[in-house]
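J.: Per our numbering, residue 956 is the first one in the sequence shown, and the count goes up by one each step. A virtual CB, placed ideally from N, CA and C, is assigned to each residue, including glycine. Here's a structure for you.
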Amino acid sequence: SLTSRRAIRKKEDILKKLKSEMAVQEKHVEKTIKQLKGKKEKWVSGAGLKNETIEMFLQHCLVPRLLQGPEDAFYCSLFTKILHDSSTVGWPSLHFYDSILKSIPVMVHCSTEREAASVGLFLSETMASLQNWCMKDKYEKHCSKKEGFRKNFADHESEIVDHDFYLKCFETWNKRLTKVFSAALSGNVYLTVRNTLVVLSKVVHEYPNDKKTMTKMVNVVGKLIETEKKADVKTVAKQYGVMLQKRKRED
């Protein structure tokens, strides 16, 4: 019918405009990333020791920005990945990932529920990259030649860590997160428990990332559902529990 043909043409016009806009946006992104990589020698030059560099970056740049909302959290995760991918001079990637994962508990404890959701999104995007690098071919491509993955970043003669060493780092980070999340859900601090559930819901596709951790988190959440008296927390815990069970079946 005439009406159907008009509807089809209208949708085709919209699709054409979207494709055109996508091409423009892709060019803009490509240009912006090229500019960022072109300035890689200036981003943190003269920043001093790696500990001071990361502490200042977290305190004054990353945390205030990522807590503002989901778009900012995604931007922060992408920006830090660009710092790594472009081999930014003076940027200790391995130490940064270790430091930011240590900072997660503090951010969760001190955040509002909306901010916790942003922390969860940032952690999800970050863990996706870290988990991807557990595959040897991905690690060789994205990390094996990066200055930021030296064992001792302050020493330019220090060797870049191999894949086995990285796997040990990832295992340590995973155990640390599990310990922190388990303790938070087993505690009696209302906001911490609720915020932790919000973060875990956002990162459910990346964590837990092995059967042992999955079993532990399922048990912790199950106990929380049984004992929690606050209706809102119990509801959120049940929702997360359903997500966990779905992940468990898919894996």
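Which value, in whole angstroms, describes the spacing of the CA atoms of Leu1155 and Gly1075?
T.: Approximately 7 Å, taken between the alpha carbons.
J.: Ignoring anything shorter than 3 residues, give me the beta strand (DSSP E) runs that lie fully in the segment 1043-1115, in order along the chain.
T.: Runs found: none.
J.: Can you tell which of Tyr1195, Cys1065, Asn1087 has the C-alpha that lies nearest to the C-alpha of Leu1152?
T.: Among Tyr1195, Cys1065, Asn1087, the Cα nearest to that of Leu1152 belongs to Tyr1195.
J.: Determine the DSSP secondary structure at Ser1137, reduced to helix, strand or coil.
T.: Looking at Ser1137 - three-state DSSP - the assignment turns out to be helix.
J.: Please identify the residue among Leu1132, Ala1186, Pro1060 whose C-alpha is closest to the C-alpha of Glu1161.
T.: The shortest C-alpha separation from Glu1161 is found at Leu1132.
J.: In terms of residue numbering, what span does the alpha helix (DSSP H) encompassing Asn1150 cover?
T.: Element bounds for Asn1150: 1145-1157.
J.: For the alpha helix (DSSP H) that Asn1164 lies in, which residues bound it at each end?
T.: Asn1164 -> no alpha helix (DSSP H), and no H or E assigned at all.
J.: Taking Val1148 as the reference, which of Phe1012, Met1062, Lys992, Met1198 has the closest Cα?
T.: Nearest C-alpha to Val1148: Met1062.
J.: Quick one: grab the DSSP three-state call for Glu1183.
T.: Coil.
J.: For Trp1128, name the three-state secondary structure that DSSP assigns.
T.: Trp1128: helix per DSSP, three-state reduction.
J.: Considering only the alpha carbon of each residue, which of Leu1122, Glu1070, Ile1180 lies closest to Met1090?
T.: If we check each option's Cα against that of Met1090, Leu1122 comes out closest.
J.: With a threshold of 8 Å, are at least 3 pairs of Cβ atoms found where one atom belongs to the segment 1042-1053 and the other to the segment 1098-1114?
T.: Output reads yes: the segment 1098-1114 touches the segment 1042-1053.
J.: Drop a sphere of 10 angstroms on the beta-carbon of Glu1080, count the other beta-carbons inside from all chains shown, and report buried for 16 or more, exposed for fewer.
T.: By the neighbour-count rule (16 or more Cβ atoms within 10 Å), Glu1080 is buried.
J.: Pick out whichever of Asp1092, Thr1170, Ala1109, Lys1134 has its Cα sitting closest to the Cα of Asp1117.
T.: Checking every option, the nearest Cα to that of Asp1117 belongs to Asp1092.
J.: In chain order, what residues of the same chain lie with their CB nearer than 6 Å to the CB of Ala1028, ignoring the 5 residues before and after it?
T.: Closer than 6 Å at Cβ, skipping near neighbours: Leu1021, Ser1073, Leu1076, Phe1077.
J.: So, are the CB atoms of Val1173 and Ala1192 less than 7 Å apart?
T.: Not closer than 7 Å, so no.
J.: Where does the unbroken alpha helix (DSSP H) through Lys994 begin, and where does it stop?
T.: Note, Lys994: premise wrong, no alpha helix (DSSP H); not H, not E.
J.: For the alpha helix (DSSP H) that contains Leu1021, what are its first and last residues?
T.: Note, Leu1021: alpha helix (DSSP H), 1018-1021.
J.: What would DSSP say about Gly1177, mapped onto helix, strand or coil?
T.: If DSSP states are grouped into helix, strand and coil, Gly1177 belongs with the helices.
J.: Can you list, in chain order, the residues of its chain whose CB lies under 6 Å from that of Ile1115, leaving out five sequence neighbours each side?
T.: So the list reads Phe1104, Arg1105, once near-sequence residues are dropped.
J.: Just mark Met1082 as buried or exposed, buried being the case when its beta carbon has 16 or more other beta carbons within 10 Å.
T.: The residue is buried, with at least 16 neighbouring Cβ atoms inside 10 Å.
J.: For Asp1165 and Ala1186, I'd like the C-alpha separation in whole angstroms.
T.: Approximately 30 Å, taken between the alpha carbons.
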